[in-house]
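Residue numbers (our numbering), protein chains in the order written: chain U, 1 to 236; chain S, 1 to 804.
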Amino acid sequence: MIPYINEYDTPECKNLAETAKKSIRTPASLGLDRCIQCGACTASCPAARFTDYSPRQIVKKVLENDRGILKSEMIWSCFYCYSCNVRCPRNNSPVTIVQVLRQMAINEGIGVERLGYFVEIGEYLAVNGASKVPSAGVKNMERDLGERWIKFKKNLESIRVELDLSSKDIRNIHGEVQAILEGTGYFEREKWIKERIQEKHLRHLLKNQCVNKEDTNGEFVFENDREHTGQPAFII
Amino acid sequence: MNAALDKTAVFICHCSGNISEHIDINSLKKTLKAEGIPVFDYEYLCSREGQILIKNKISERNLDRIVIGSCTPSKHGTLFKKCIQEAGLNGAMLEIANLREHCAWVHSDKVEATGKSLSLLRGKLKRLENSEPLGEIKVDIIPQVLVIGGGIAGITAAVNLADNGISTYLVEKDPSIGGNMAKIGKVFSPDKLAEECAMCSLSPLMNEVVANPKITLFTWTEVESLSGSAGNFTVKLRKKPRYVHDNCTGCGRCNHACPVMVENEFNCGSMDKKAISLSFAQAVPKTYCIDPDHCLQFNGEPCGKCVDVCKSVAIDFSQKEEIVELNVGAVIVATGFEEYDASQKPQYGYGIFKNVLTQIELARMLGINGPTKGALIRPSDLSNASEIIKASRGTCGSENTSVNSFDHSNDTGTPKHIVMIQCVGSRDEKEGGNRYCSIYCCMAALKHSSLIKRKYPDTEVTICYVDLRALGFYENYYRAVQDLGVRFVRGRPAEIVEKPDKSLIVRIEDTLDQKIKELPADLVVLSVAMVPSKGTRKIAGVLNLSQGESGFIKEKHAKLKPVDSSIEGIFVCGTAQSPKDITDTIAQAGLASVRGRAFITDSPKTLANEIPTFNHLLCTKCEECLKCPFNAISLKENGRIVVDPLVCIGCGYCTELCRNGAIQIAGFTKNQLKAEIEGELEEGDMLGFVNSGVAFLTCDNIGNSALTYPSNVKLIKVPTSLVLDKDLLLHAFKHGASSILFLEDPPDSPKAEVIYPLTVSHFEKLKREMGDLGNRLYFKKAYVPNTRGLAGTFTSLAREGEMT
């Protein structure tokens with residue numbers, strides 16, 4: 001199955017640099033070609049201080065059209081603080097380039113398992129028209145925010161009544177959000193992503209039983225899976 | 001036959017076969033002779049013999065109007081004009097028909113070419129019937145030059161001018177000349193791989209300025225306004241009061257006695273100056289100056305201690321500012337640069353952390369006449385600086401030449417780790433940054449590193465760079481500095497962090513190691529960008545000079561005219577024009593002085609006389625013509641409209657602005673143009689009105705390129721298409737034009753940029769006014785390289801009546 005690829009986000013171009021520049025995420029003033037490899041971005045990057053991530057190297061690899069970068073761990077360290085863009089003397093933006101690279105990786109099924117955590121948000125959005133903290137993260141929130149927050153959450157309805165507010169009902173009852181997601185192909189992509197995640201999960205389980213190789217960097221282990229045949233194919 | 005043509009003759013040049021082989025000159029002669037017009041032909045009219053022939057015929061036959069059929073007027077127009085002037089005729093009584101580039105070279109059929117030559121000649125003959133003699137406009141140029149700015153650029157320009165015997169005024173807004181070069185202490189020399197004392201080179205030049213009888217120096221003076229035009233400028237200067245007269249001997253007693261300490265701008269803000277002071281010890285002129293903002297006398301607490309000790313009775317609190325008016329022929333702007341304000345890059349902590357300095361602040365610190373007398377001390381330690389200096393003196397003894405006196409590494413308070421950061425505010429597209437490279441700062445960093453390493457060998461110096469620019473022979477200097485053990489890290493630091501003891505950490509990615517590093521530093525020096533000084537920005541406004549996108553004063557042509565500003569007669573040099581070092585500044589200042597000299601000695605100036613004439617009977621004083629985009633037209637007190645020949649470029653826009661037909665361009669009057677149309681046009685012709693600039697050149701180039709087009713293409717030169725009106729166009733259609741093309745200059749020069757949009761809207765207006773006939777009007781820009789395209793346009797218009 002061919003995933004829904006957003007032509008505005010990751011247009012098909014002859015090299016990575018063209019895709020990054022043509023992507024709707026990046027402004028026309030993006031200085032990608034003008035990078036002088038000065039390293040101001042990396043020196044400013046909080047992720048670079050604690051991991052191997054180097055925004056400068058990302059830009060270098062994009063300019064060199066090194067598609068191996070899509071399979072690399074590096075592109076998943078950025079958390080969009082934009083310090084790189086603030087300090088870049090050539091008005092470059094490794095943060096937006098990394099976003100495009102991530103989408104390109106997902107399109108090839110690489111790194112989909114990282115989206116597992118966030119899928120819940122999309123589901124919730126479709127029904128209620130609002131976002132939520134995924135259940136996997138709620139435990140962390142409880143721990144970080146403490147007893148008071150838990151109590152507040154438990155008694156939210158009665159507190160609302162006390163404050164003279166209407167009952168909490170955030171469902172998007174007219175279904176506009178759902179319609180938008182449907183019309184923009186979101187559900188197609190969500191379905192595809194879920195299938196890929198499931199596939200990977202299964203393969204991981206099976207792999208532990210039948211294959212010796214280490215699954216590194218989110219690479220496909222089975223060659224057949226390169227073509228999207230519509231059904232997850234695993235060889236037992 | 002018109003009586004006016006009684007004394008007219010035609011001269012046709014063979015042009016060594018270029019014309020004679022493609023055009024039947026004999027038949028032309030016969031036809032015109034039959035109409036009573038004498039025709040003379042010769043092999044080379046441009047030769048000496050040709051000129052003599054013309055002059056002889058003029059005197060023999062008492063001729064007063066001449067038509068020459070030859071190559072393009074652009075080639076020998078001036079020559080032929082001079083020739084007939086020498087024969088006693090007015091220059092406007094000559095018309096040149098381009099029988100070569102517009103005829104012989106572009107039409108292959110001899111019969112057709114001959115027919116076209118005849119119409120070209122007839123056109124010119126008819127035009128001449130309506131020509132009037134035009135007077136020459138000459139204006140004397142004032143043989144004096146004003147130099148604004150007393151730094152190394154201004155001083156060099158002034159001294160060069162004076163050496164050429166030219167009376168020069170030098171105006172400087174500070175109390176002393178010297179500029180930035182006086183601040184920097186040392187200059188680097190690729191010859192000796194060592195640093196030379198800047199003041200030792202500068203001082204003699206400064207003294208020369210005062211000593212030279214041809215230079216009049218104004219300091220503590222600003223330029224208020226400039227009026228007039230090139231060759232005749234009137235400048236108003238505002239001389240600020242020093243409160244000290246010129247008989248001051250510079251003894252310094254007043255300085256000793258003064259109780260008020262003020263911020264010393266020369267020493268980058270350190271509080272070591274008095275309210276009455278010199279800018280620096282070697283100031284020129286050596287006249288003290290009182291700062292009225294801080295002097296007690298002006299702030300309600302009469303003190304007078306300086307007056308008490310002054311032996312020359314030079315101090316005068318009642319001195320007032322003076323306005324001085326000067327008349328000069330040319331102006332040279334040399335107002336220099338200032339350092340970029342590094343607080344715009346807060347990540348580097350300038351202005352926040354004490355131990356972050358700029359290169360010039362470091363230069364002051366290292367300077368022997370600086371706030372620490374040359375001792376390198378961390379600014380955070382400056383409060384106990386005097387102890388440190390005493391201690392260091394004690395260590396190495398007094399002025400002896402023992403080896404130890406040069407090694408100050410044991411001085412307390414000396415920074416042990418210095419990090420320099422390049423490109424602060426340069427090569428930076430971000431908010432508050434400048435895109436350009438400031439050229440001098442890599443060398444300045446190397447220079448200071450060298451000075452520091454030699455004086456304090458135990459101090460580590462690290463330079464953080466992206467590209468190290470040591471151009472030309474300065475590469476040797478870079479090499480020598482590397483030998484001193486200076487370290488280089490390639491990367492642009494992200495930020496600086498201060499530790500509790502006021503030392504700093506510089507966070508940088510070493511892009512060669514691909515590792516993030518944190519460099520400890522006692523002192524960080526920022527190599528900040530060179531930006532136009534406040535004085536440069538101000539003078540650009542006062543003189544109305546074009547500025548580049550970064551505020552530097554724009555030169556006319558970056559390569560070919562680097563010192564001409566956008567205004568004729570005003571020149572620019574030094575760092576006011578663009579970032580550069582002292583070497584290039586001096587070279588450019590020399591060029592500016594030569595240009596200034598050439599300008600004022602080319603006197604009297606003959607101005608173009610094809611400028612607007614005003615019919616004061618038709619003029620209703622509606623003042624529409626004052627909208628001239630070059631401000632060349634003005635209304636005098638006596639109620640007459642006049643044009644300034646020094647400013648007017650003869651574009652003809654005023655002829656469109658005037659609703660009453662009171663304005664005509666001399667040499668391109670309506671009658672002349674109508675006559676030329678009448679004489680030249682035949683039924684079915686394509687008529688092209690060609691701008692006399694680039695467009696005319698391009699038409700000539702079609703001939704040079706051996707391209708062809710049909711012979712029913714007739715071209716008429718105009719200053720611009722702005723002189724054409726509906727009446728003229730109808731006249732053309734009446735006389736057989738099938739289509740009319742406006743051929744204009746592209747907006748590639750400052751003047752064309754103004755004129756081009758006017759021609760476009762003028763054309764569109766005419767098209768509308770002409771109704772159906774408007775469909776037969778065409779407009780095209782002529783680009784010089786596009787001769788083939790233009791020939792193609794002519795061809796398709798002439799054949800199909802349509803532009804393809």
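Note that beta-carbon positions come from the ideal geometry of N, C-alpha and C, so glycine has one too.
1) So P89(U) contacts chain S; which residues on that side make the cut at Cβ distance below 8 angstroms?
2) Can you name the residues of chain S whose CB is closer than 8 angstroms to the CB of G111(U)?
3) So what does DSSP say about N172(U), is it helix, strand or coil?
4) When you compare only the Cα positions, how much space is there between L758(S) and V723(S)?
5) Quick check on A34(S): does DSSP put it in helix, strand or coil?
6) Whole angstroms is fine: what's the gap from L118(S)'s alpha carbon to L28(S)'s?
7) Tell me whether the region 619-626 of chain S and the region 160-169 of chain S touch, counting them as touching only if at least three CB pairs, one residue from each stretch, are closer than 8 angstroms.
8) Quick one: list the residues of chain U neighbouring E509(S), beta-carbon separation under 7 angstroms, in chain order.
9) Take E744(S) as the anchor and find which of Y778(S), C46(S), K726(S) and G736(S) has the nearest alpha-carbon.
10) When you check each C-beta in the region 129-157 of chain U against every C-beta of chain S, which residues fall closer than 9 angstroms?
11) Going along the region 456-468 of chain S in order, which residues come within less than 7 angstroms of chain U, judged by CB to CB distance?
12) Distance check for A342(S) and T372(S), CA to CA, integer angstroms please.
13) So, is the C-beta of I36(U) closer than 8 angstroms to a C-beta in chain S?
14) Does the distance from the C-beta atom of F152(U) to that of P134(U) stay below 8 angstroms?
15) Taking Cβ positions, are C41(U) and P94(U) nearer each other than 8 angstroms?
16) Do G151(S) and G178(S) have their CB atoms nearer than 8 angstroms?
17) Measure how close the beta-carbons of V424(S) and A529(S) come, nearest whole angstrom, since I'm counting them as under 8 angstroms.
18) Strictly by DSSP, which residues pair up with E222(S)?
19) For E325(S), write down the residues that DSSP places opposite it in a beta bridge.
20) Counting only runs that start and end within the region 139-163 of chain S, where is the beta strand (DSSP E) found for 3 or more residues in a row?
21) Compute the Euclidean distance between the alpha carbons of G535(S) and G228(S), then round it to the nearest angstrom.
22) Determine, using beta carbons only, whether Q347(S) comes closer than 8 angstroms to chain U.
23) Please determine, among G185(S), D725(S) and N638(S), the residue with the shortest C-alpha to C-alpha distance to N671(S).
24) For T78(S), is the classification buried or exposed, using 16 other Cβ atoms within 10 angstroms of its Cβ as the cut-off for buried?
25) Are at least three pairs of beta-carbons, each pair with one atom in the region 8-27 of chain S and one in the region 65-85 of chain S, less than 8 angstroms apart?
26) When you compare the CB of E495(S) with every CB in chain U, is at least one pair closer than 8 angstroms?
27) Apply the 10 Å Cβ neighbour rule to T10(U) and answer buried if 16 or more other Cβ atoms are within range, or exposed otherwise.
28) Near V542(S), what residues of its chain come up, given a Cβ to Cβ distance below 8 angstroms and the 5 sequence neighbours on each side ignored?
29) Can you find at least 3 beta carbon pairs, one from the region 241-258 of chain S and one from the region 284-302 of chain S, that sit closer than 8 angstroms?
30) Exposed or buried, what is C45(U) when buried is set at 16 or more other beta-carbons lying within 10 Å of its beta-carbon?
31) If the cut is a Cβ gap below 8 angstroms, which residues of chain S does R49(U) touch?
32) Beta-carbon within less than 6 angstroms of V713(S)'s beta-carbon, same chain only, minus the 5 sequence neighbours each way: which residues are those?
33) Tell me, which residues are paired with P532(S) by DSSP?
34) Interface residues of chain S around G31(U) at Cβ under 9 angstroms?
35) For S201(S), which three-state DSSP category applies?
36) Considering only residues of the region 88-141 of chain U, which uninterrupted alpha helix (DSSP H) runs meet the minimum length of 4 residues and lie entirely inside it, listed in chain order?
Working from what's here:
1) Taking the first residue of the first sequence as position 1, residue 89(U) is located at position 89. C423, R427, D428, E429, K430, G433 and R492, listed in chain order.
2) Indexing the first sequence from 1 puts residue 111(U) at position 111. What G111(U) touches in chain S: nothing, since even the nearest Cβ is about 24 angstroms away.
3) Within the first sequence, the letter at position 172 stands for residue 172(U). If DSSP states are grouped into helix, strand and coil, N172(U) belongs with coil.
4) The residue you call residue 758(S) lines up with position 758 of the second sequence. The residue you call residue 723(S) lines up with position 723 of the second sequence. So the alpha carbons of these two residues sit roughly 11 angstroms apart.
5) For this step, residue 34(S) is matched to residue 34 along the second sequence. Here A34(S) sits in helix by DSSP.
6) Counting from 1 along the second sequence, the entry for residue 118(S) is found at position 118. Counting from 1 along the second sequence, the entry for residue 28(S) is found at position 28. About 7 angstroms.
7) no
8) Numbered from 1 along the second sequence, position 509 holds the residue referred to as residue 509(S). Within 7 angstroms Cβ-Cβ: G39, T42, A43 and R56.
9) Position 744 of the second sequence, counting from 1, holds the residue named residue 744(S). Nearest of Y778(S), C46(S), K726(S) and G736(S) to E744(S), Cα basis: Y778(S).
10) Those residues of the region 129-157 of chain U placed with their C-beta closer than 9 angstroms to a C-beta in chain S do not exist.
11) V466
12) As a first step, residue 372(S) is located in the second sequence; it is residue number 372 there, counting from the start. As a first step, residue 342(S) is located in the second sequence; it is residue number 342 there, counting from the start. Straight-line Cα distance between these residues: approximately 23 angstroms.
13) Translated into positions along the first sequence, residue 36(U) becomes position 36. Yes, contact with chain S.
14) For this step, residue 152(U) is matched to residue 152 along the first sequence. For this step, residue 134(U) is matched to residue 134 along the first sequence. Going by C-beta atoms, F152(U) is not nearer than 8 angstroms to P134(U).
15) Against the first sequence, residue 41(U) aligns to sequence position 41. Against the first sequence, residue 94(U) aligns to sequence position 94. The Cβ atoms of C41(U) and P94(U) sit closer than 8 angstroms to each other.
16) One-based indexing of the second sequence puts residue 151(S) at position 151. One-based indexing of the second sequence puts residue 178(S) at position 178. Yes.
17) Looking up residue 424(S) in the second sequence gives position 424. Looking up residue 529(S) in the second sequence gives position 529. V424(S) to A529(S), Cβ: 7 angstroms. Contact.
18) Against the second sequence, residue 222(S) aligns to sequence position 222. The partner list for E222(S) (beta bridge, DSSP) reads R238(S).
19) Taking the first residue of the second sequence as position 1, residue 325(S) is located at position 325. DSSP, once it has assigned bridges, lists K236(S) as partnering E325(S).
20) 144-148
21) Along the second sequence, one-based indexing puts residue 535(S) at 535. Along the second sequence, one-based indexing puts residue 228(S) at 228. About 22 angstroms.
22) Position 347 of the second sequence holds residue 347(S). Yes, its Cβ sits closer than 8 angstroms to a Cβ of chain U.
23) Looking up residue 671(S) in the second sequence gives position 671. Minimum Cα distance to N671(S) is reached at D725(S).
24) Position 78 of the second sequence, counted from the start, is the residue given in the question as residue 78(S). T78(S) should be labelled exposed.
25) Segments in contact, yes.
26) Translated into the one-based positions of the second sequence, residue 495(S) becomes position 495. It does: the Cβ of E495(S) has a partner Cβ on chain U nearer than 8 angstroms.
27) Stepping through the first sequence from its first residue, residue 10(U) is reached at position 10. Counting Cβ neighbours within 10 Å, T10(U) comes out buried, since at least 16 surround it.
28) If you number the second sequence from 1, residue 542(S) lands on position 542. Cβ neighbours of V542(S) beyond the five flanking positions: V223, E224, S225 and L226.
29) yes
30) The residue labelled residue 45(U) in the question sits at position 45 within the first sequence. Buried, since its Cβ has 16 or more Cβ neighbours within 10 Å.
31) Here the question's residue 49(U) lines up with position 49 in the first sequence. Per Cβ cutoff of 8 angstroms: I516.
32) In the second sequence, the residue the question calls residue 713(S) occupies position 713. Same-chain partners within the cutoff: M686, F794 and A798.
33) Start at 1 with the first residue of the second sequence, and residue 532(S) comes out as number 532. P532(S) is bridged to F337(S).
34) To locate residue 31(U), count along the first sequence from 1; it is residue 31. In chain order: E429.
35) Translated into positions along the second sequence, residue 201(S) becomes position 201. Helix, per DSSP.
36) Counting only runs of 4 or more residues that sit fully inside the region 88-141 of chain U, the alpha helix (DSSP H) segments are 94-107 and 119-128, in chain order.
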